[in-house]
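Just so we're aligned: 1600 in my numbering is position 149 of the sequence shown, and the numbers increase by one with no gaps anywhere.
We treat Cβ as the ideally placed atom computed from N, Cα and C, and that holds for glycine.
Here the structure comes first, spelled out in structure tokens, and everything after it is commentary.
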Amino acid sequence: MTLKIKVNGPIISNGDKWFYDWFEEEATCPNDVLGALTDNNEDVELSINSYGGLLDSGNEIYTALRNYPGKVTANVIMAGSAASIIAMSADVVKMSPVGQIMIHNVQMGAGGDYHDMDKASEILQKSNKSIASAYEAKTGKSHEEILALMDRETWMTAQEAVELGFADDVMFESQEKPLLVASGANNMINPKIIAKVRELKNQQEKPVAEIKVNLDEIHGYIDEKLNEIKNKKDEPVNESPFTRFFF
């Protein structure tokens, strides 16, 4: 039997998965993949349709799949950023004819003085070098070639991904009509919104005698903050001097 695992939506942390589930939004955390793997070492078929997300979560999934004894096949619709790292874990990568792979430099939010900015730059450059190894192992390209592709944010069609070594073949090539796949962009939800809703959710779960929360307040707050995000797309979100990596 083949295990079928979906890697859809943003790549997020285990701790934030409850939020996406609560609002019935697609997202993938490490536990979604690691929890699906069995001790029987059955073959795994990944279906990937994600623009990326948290680098650490993508790296955890990549490492688990690379270490998995069974054969892993990835069927790629969209594999961007952290999701492209996950795709590289597969023994065989197949591209939908309408699919794409995108690789770029690691990103992060940072705050502080020039020492902090120097350290942020050092961390980002070393992170780039670390994840480049996943692309090198798959493509056979040199470290410098991979870093150059990342540096200019490279988007690859299905055929280009095969030519560059990021994929092994294109799906449905023997069919006259390819399967058409439509996919919209998936955006990470602002961590501040998740923290606020967690606070409201915890209050809601208390006994009624202690507190009573209006659900309209929660949804109203989310709508308000999402509108703020749309109006301030270019403003970084800093949880700490070095917030979580987004890739």
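Contacts around residue i, its chain only, beta-carbon distance under 7 Å, and the 5 residues preceding and following it disregarded
i, result
"D1620", "K1545 and V1613"
"I1669", "V1648 and L1651"
"Y1565", "none"
"A1415", "Examination of residue 1415 is not possible in this model, given that the chain is present from 1452 through 1698 alone."
"P1548", "A1609, V1621, M1622, F1623 and P1629"
Between the CA atoms of residue j and residue i - distance to the nearest angstrom
i, j, result
"T1453", "K1647", "40 Å"
"N1459", "I1673", "23 Å"
"N1653", "N1556", "37 Å"
"I1463", "F1623", "31 Å"
"V1527", "E1573", "32 Å"
"L1485", "F1617", "23 Å"
"K1457", "D1602", "29 Å"
"I1552", "N1491", "31 Å"
"M1568", "K1643", "23 Å"
"L1488", "A1538", "16 Å"
"E1604", "S1498", "23 Å"
"L1615", "G1562", "37 Å"
Start-to-end residues for the beta strand (DSSP E) that takes in residue i
i, result
"D1605", "It is worth fixing the name first, because residue 1605 is Thr in this sequence and not Asp. Counting along the chain, the beta strand (DSSP E) containing T1605 begins and ends at T1605 to T1608."
"I1499", "V1495 to S1501"
"K1455", "L1454 to N1459"
Run of the alpha helix (DSSP H) containing residue i, from where it starts to where it stops
i, result
"K1512", "Before going further, note that residue 1512 is Ile rather than Lys in the sequence given. L1506 to R1517 is the span of the alpha helix (DSSP H), which, as asked, contains I1512."
"T1590", "Y1565 to T1590"
"P1401", "The chain is shown from 1452 up to 1698; residue 1401 falls before or after that span and cannot be answered."
"A1699", "Missing from the structure shown is residue 1699; the chain here goes from 1452 to 1698 and no further."
"F1470", "K1468 to W1473"
Assumed close pair residue i, residue j - CB separation to whole angstroms, cut-off 8 Å
i, j, result
"G1466", "Y1502", "At roughly 21 Å, the Cβ-Cβ gap does not stay under 8 Å, so G1466 and Y1502 are not in contact."
"A1571", "Y1513", "That pair is no contact at about 23 Å."
Neighbourhood of residue i by C-beta, 6 Å cutoff - its chain only, sequence neighbours within 5 removed
i, result
"W1469", "none"
"A1515", "L1485"
Same chain only: Cβ atoms within 8 Å of residue i, ignoring 5 sequence neighbours per side
i, result
"P1520", "N1492"
Query raised in the report: Unbroken beta strand (DSSP E) runs of length 3 or more, entirely within the region 1529–1560: which are they?
Result: 1543–1554
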